[in-house]
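Trainee:
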Amino acid sequence: MDSLAASSSSAASSSSSPPPPPFTDPPNYAFPHHRLRRTLRNPDKQPIVLVACGSFSPVTFLHLRMFEMAVDYVRQNTDFEIVGGYLSPVSDQYKKPGLLSAHHRVNMCTLAAEQTSTWLMVDPWEAFQSYQRTAVVLDHFDHEINTCLGGVATADGVRKPVRPMLLAGSDLIATMGEPGVWSEPDLEHILGRYGVLTVERAGADMDQAIDSLARWRANIHLIHQLIQNDVSSTKVRLFLRRGLSVRYLLPAPVVDYIEENGLYKDDGPTTSASSSAVTAEREKAAEREKGKVAP
């Protein structure tokens, strides 16, 4: 049993209150788990939850489609079993053009998840506080699902820890191979402890990225798009600023929400979901080099 499994199993079996996590929760926060499957169908499988971090400004069909592509990939190519999927919108602290308030982004993601899916959920933990590194976000899911909820059970009642895994576009993963963008400890934490399922995106040089991340190759799962889809939040915002229709690019409830609230009329230069996360990591890297923050 690896260290994650050992620590999670120990926490799950303890009758005492779970230890406090090394991070704080936003005010009035409750971890969403109403769609988290608590029983494993195949006891021989490793239970995982998919976690997609991004701006989701706004959430598009491609964001949702990534989860479905991951389901197919996992079923056909791995010994994992998916027990849940989460959208984790980034904090307002990014302060990037095109990044709508967390309130609206969480609402749009919730509409998309609740009205177009039977298993996806939205976790506002990251959105409603200061900037949190991706490694810390995954630790948060590990804490909530394994330490607080006790993981999942097999049909005969045996408890098993759930592994959170990052779900991301290949443009984000490509930056992990760029020197100075991500700290080495964070890469080890994300790729070594948790792992990532990455969906190919146009223009991302995956071969070069994978070469530079070779020591974690076993935990990097590449998912090819059999039907190419290059819809992006950036393009959607551009359409909206120009008064063009975005129906059938976004879930209908999200389109209705945007129209009802008059959103994205003029938000200036735009930044995509993946690039906003990349920019934040680059800024953190620059601050580390200047000695302003710890790695």
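In full-length UniProt numbering, the protein residues as written are 1 to 295. Beta carbons are placed, not taken as given, at the ideal position from N, Cα and C, and that holds for glycine. All of these numbers come straight from a predicted model, not from anything done at the bench.
With contact counted as at least three CB pairs below 8 Å, one residue from each stretch, are the segment 34–46 and the segment 147–158 in contact?
Mentor: yes
Trainee: Here's a check: name, in chain order, each residue in its chain whose Cβ is nearer than 8 Å to the Cβ of residue 49, leaving out the five neighbours to either side.
Mentor: 36, 82, 83, 84, 85, 86, 141, 145, 162, 163, 164, 165
Trainee: Measure the Cβ-Cβ separation of residue 122 and residue 113 and say whether it is below 7 Å.
Mentor: yes
Trainee: Suppose you measure from the CA of residue 80 to the CA of residue 214; what does that come to, to the nearest Å?
Mentor: 21 Å
Trainee: Is the CB-CB distance between residue 76 and residue 131 below 7 Å?
Mentor: no
Trainee: Residue 188 by DSSP, collapsed to three states: which one?
Mentor: helix
Trainee: Along the chain, where does the beta strand (DSSP E) containing residue 122 start, and where does it finish?
Mentor: Secondary structure note for residue 122: its beta strand (DSSP E) is the uninterrupted segment 120–122.
Trainee: Out of 159, 178, 237, 234, point me to the one whose CA is closest to residue 47's CA.
Mentor: Distances from the alpha-carbon of residue 47 to those of 159, 178, 237, 234 put 159 closest.
Trainee: Between which two residues does the beta strand (DSSP E) harbouring residue 168 extend?
Mentor: Element bounds for residue 168: 163–169.
Trainee: With a threshold of 16 other CB atoms inside 10 Å of the CB of residue 56, please say whether the residue is buried or exposed.
Mentor: buried
Trainee: At the level of alpha carbons, what is the spacing between residue 186 and residue 136?
Mentor: 9 Å
Trainee: Rounded to the nearest angstrom, what separates residue 33 and residue 148 at their Cα positions?
Mentor: 11 Å
Trainee: Can you tell which of 124, 54, 108 has its C-alpha closest to the C-alpha of residue 27?
Mentor: 124
Trainee: Output needed for residue 126: all residues of its chain with C-beta closer than 8 Å, excluding positions within five of it in sequence on either side, in chain order.
Mentor: Result list for residue 126: 53, 88, 89, 90, 91, 132, 137, 140, in chain order.
Trainee: Find the nearest neighbour of residue 78 within the set 232, 250, 218, judged by alpha-carbon distance.
Mentor: 218
Trainee: Per the contact definition of three or more C-beta pairs closer than 8 Å, is the segment 220–228 in contact with the segment 66–76?
Mentor: Yes: the two stretches touch, three or more of their Cβ pairs being nearer than 8 Å.
Trainee: Short check: CB of residue 254 to CB of residue 247, under 7 Å?
Mentor: no
Trainee: Can you have a look at residue 157 and say buried or exposed, based on whether 16 or more other CB atoms are within 10 angstroms of its CB?
Mentor: exposed
Trainee: Restricting to Cα atoms, I'd like to know which of 177, 228, 188 is closest to residue 209.
Mentor: 177
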